[in-house]
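Here the sequence shown is numbered in our numbering, starting from 1 and rising by one per residue.
A virtual CB, placed ideally from N, CA and C, is assigned to each residue, including glycine.
Please read these numbers as outputs of a predicted model, since none were measured by experiment.
Presented below is the structure to which this report refers.
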Amino acid sequence: MFKKKKSLWLFLLPGLAGLMVFYVAPFIGGLYFSFTDGTINNSFVGFDNYTRLWKNEVFRLGLQNSLELSLICAPLIFVLSFTLSVMLKHLKEKSLFFRNVLLMPYLVPTSAMLIVWTLLFDYGGIVNRLVVGLGQERVLWLQSGAMRVPIVLLYVWKNTGFSVVIFSAALQSIPDEYYEFARLEGASSVKQASKITLPLILPTAFFVLVLGWVNAFKIFKEVYFIGGAYPDERVYTLQHFMNNKFATLDYQDVTTAAYSFALIVLALFGLMYLNKGVRGDAH
């Protein structure tokens, strides 16, 4: 037994060493750095950096916009992916083909997709032609706060397929016998969904919602490729703040903002793991 454990640790050692050197040590070092003044002496200043950061209006603007975008995108992806997953389940043999089609945008680089999006939402693009056709004035979709619309549509379209795959796997794990028995008992489709489907996929549904919220909170590439480093203030995200601070070598604010963001993400994951359904304790 001792030899087996020793062999196991020998196999794990390279991976653990890499984890410690490239992840754990930098994380601890960065955390300590966020509590110092950033000078040569690295004098400890406590929570002064965090207090100053949270008083920064630009930081709060980026945080607010990131939060708002996540609260828009995550529920949209959740509802859309669940609906599509239920529809695909009824297609049976054809469902695999459509799942692959829905997953394709997730695999395509964002920069390539933005070429199409620019053609659609440009001032003289297809969308504005439809707007003019409806008797309205053209909208600056890519140069104003209205940029939120193409950003949200792009993000939802790109990421829905991944959630569909997760939901489909959860739905397929439910035995068909449950539904057959429910139909024999005279249960309607709504009752089957509320009494069988939803309770059994609740852990997966919660996981998809929280994961979607965390990922949507990090929306940046889509905005950056369209609006650059300093877009309209209504689409200025937390990642913009961090990137711009890094460009000006303000590492203190970058580090403090990064750990503030990490704390928010950890809080979300903590919420997920504290939920009994996710831990498999739901009845």
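Per DSSP, reduced to three states, the secondary structure at F181 is helical. For the alpha helix (DSSP H) assignment, the uninterrupted runs of no fewer than 4 residues enclosed by the stretch 100-135 are, from N- to C-terminal side, 110-121, 126-133. Looking from the CA of L211, the closest CA among T160, V149, A193 belongs to T160. DSSP places N244 in the uninterrupted alpha helix (DSSP H) bounded by 238-247. Annotation for A25: the continuous alpha helix (DSSP H) segment containing it runs 25-33. Between L84 and L96, the CB-CB gap reaches or exceeds 8 Å.
Residue range 221-227 is occupied by the alpha helix (DSSP H) that includes K221.
With a 10 Å radius around the Cβ and a threshold of 16 neighbouring Cβ atoms, M242 comes out buried. Secondary structure at F44: strand, using DSSP grouped into helix, strand and coil. Membership of K191 in the alpha helix (DSSP H) is indicated by the continuous run 189-192. Separation of the CB atoms of F206 and F82 is rounded to 12 Å, and the pair is thereby denied contact status at 8 Å.
Within the stretch 51-98, not a single complete beta strand (DSSP E) segment reaches 3 residues in length. When Cβ pairs closer than 8 Å are counted between the two stretches, the stretch 52-65 is seen not to touch the stretch 185-203, the count staying below three. The beta carbons of L238 and L76 sit no closer together than 8 Å. Between S70 and the set L171, V152, F225, Y23, the nearest pair of CA atoms involves V152. With contacts defined by Cβ atoms closer than 8 Å, A216 and Y155 form a contacting pair.
Taking a 10 Å sphere around the C-beta of I219, we find 16 or more other C-beta atoms and assign the residue as buried. Beta-bridge partners of T36 (DSSP): F44.
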